[in-house]
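K.L.:
Residue numbers (this note's numbering): 50 to 325.
C-beta: ideal position from N, C-alpha, C; glycine also.
Remember, it's a predicted structure, so these values are computed and weren't measured experimentally.
Next up is a structure, given as structure tokens.
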């Protein structure tokens, strides 16, 4: 962005002033820093806090509404009610364009599962399962990222998906899947499969969304993108199924009291051997 501002279309500060000062149009002859300072000087302390709190909550707005619309898409599609299904799909597509909660869908609730399991384990003083420490580290990274994002943007409600890094959604999705995995590998596979199938179905069936009058998102279906989505779904499910198989083998070995082989290394030759 800095190279674009300097080399291509200087000063090119319209987007920065919109995000950091809520200025719709750039002010000629004034620096971006001055515009940002002036914008904050017009607010009192209560308004500043209100803007930042709004930025903190905005990514998760309409999460429950999006789940309801997803259920409507499935329900009306199964009944062959294309008009009602298209209307629900159009609302869901628009929500997913702006808000991270609707983007994550069911997978996002795995984050809540991780938090609840950590709290319960802390209260009962139970040892954390293997890998839980890394899950908590990623949860902390997500939390810090959202807080910094909310503080930087002016607000209110500025923290929509396309005004941040898309890496946040990917990390949240991965952490959410790990939360479902902590309950059951099969649950994680089911959540990923159902979420992916819904996304693929909406893309193929409701793009363009001609069945809903006044649809907000219109585009032609891209066969190559649809094939890429399908291949990504299959690859994701295959990897989860493979990991689930390893997890089942570990659980069965633990139930039978079988210990994993120990690795021995000879100090003289450096050769490695397994000791059963």
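1) By alpha-carbon positions, which one of 273, 251, 288 ends up nearest to residue 120?
2) Tell me the residue span of the alpha helix (DSSP H) that contains residue 143.
3) If you count every other CB in all the chains shown that lies within 10 Å of the CB of residue 87, and 16 or more means buried, which is it?
4) With H, G and I counted as helix, E and B as strand and the rest as coil, what does DSSP make of residue 76?
5) Would you mind working out which of 277, 203, 192, 244 sits nearest residue 91, comparing C-alpha positions?
6) How about the stretch 209 to 229 and the stretch 140 to 155: do they share at least three Cβ pairs that are nearer than 8 angstroms?
7) Using the C-alpha atoms, what's the distance from residue 157 back to residue 130?
8) Report yes or no: do three or more beta-carbon pairs, one from the stretch 111 to 126 and one from the stretch 136 to 143, lie closer than 8 angstroms?
9) Classify residue 98: buried if its beta carbon has 16 or more other beta carbons within 10 angstroms, exposed otherwise.
10) Only counting the same chain, and skipping five residues up and downstream in sequence, which positions put a Cβ closer than 8 angstroms to that of residue 191?
11) What residue range does the alpha helix (DSSP H) around residue 100 cover?
12) Near residue 107, which residues of its chain fall below 6 angstroms by C-beta distance, leaving aside the five closest residues on each side in sequence?
13) Which residues in the same chain as residue 291 place their Cβ atom closer than 8 angstroms to its Cβ, once the five residues preceding and following it in sequence are excluded?
14) Counting pairs of Cβ atoms below 8 angstroms between the stretch 234 to 247 and the stretch 278 to 289, do you hit three or more?
15) Looking at the structure shown, is residue 111 part of a helix, part of a strand, or coil, going by DSSP?
16) Given this structure, state the Cα-to-Cα distance separating residue 77 from residue 226, to the nearest angstrom.
17) Whose C-alpha, out of 237, 167, 68, is nearest the C-alpha of residue 185?
P.N.:
The structure says:
1) Taking the chain shown and counting its residues from 1, the one referred to as residue 120 is at position 71. Looking at the Cα atoms, 251 is the closest of the given residues.
2) Locating residue 143 in the chain shown gives position 94, counting from the first residue. From DSSP, the alpha helix (DSSP H) with residue 143 extends over 131 to 147.
3) Walking along the chain shown from the start, residue 87 turns up at place 38. When all chains shown are included, residue 87 counts as exposed.
4) Taking the first residue of the chain shown as position 1, residue 76 is located at position 27. Correct three-state label for residue 76: coil.
5) For the purposes of this step, residue 91 is taken as residue 42 along the chain shown, with counting starting at 1. For residue 91, the nearest C-alpha among the options comes from 203.
6) Enough Cβ pairs lie closer than 8 angstroms, so yes.
7) The residue given as residue 130 occupies position 81 in the chain shown. The residue given as residue 157 occupies position 108 in the chain shown. When rounded, the distance between both Cα atoms is 28 angstroms.
8) yes
9) Within the chain shown, numbered from 1, the residue matching residue 98 stands at position 49. It counts as exposed.
10) Counted from its first residue, the chain shown places residue 191 at position 142. Around residue 191: 160, 217, 220, 221, 224.
11) Stepping through the chain shown from its first residue, residue 100 is reached at position 51. Per DSSP, residue 100 belongs to the alpha helix (DSSP H) from 94 to 106.
12) As a first step, residue 107 is located in the chain shown; it is residue number 58 there, counting from the start. The residues are 206, 208.
13) Position 242 of the chain shown, counted from the start, is the residue given in the question as residue 291. Hits under 8 angstroms: none found.
14) yes
15) By one-based count along the chain shown, residue 111 stands at place 62. Three-state DSSP puts residue 111 in coil, outside helix and strand.
16) As a position in the chain shown, residue 77 is number 28, starting the count at 1. As a position in the chain shown, residue 226 is number 177, starting the count at 1. One C-alpha to the other measures close to 48 angstroms.
17) Working through the chain shown from its first residue, we reach residue 185 at position 136. Comparing Cα positions, the closest option is 167.
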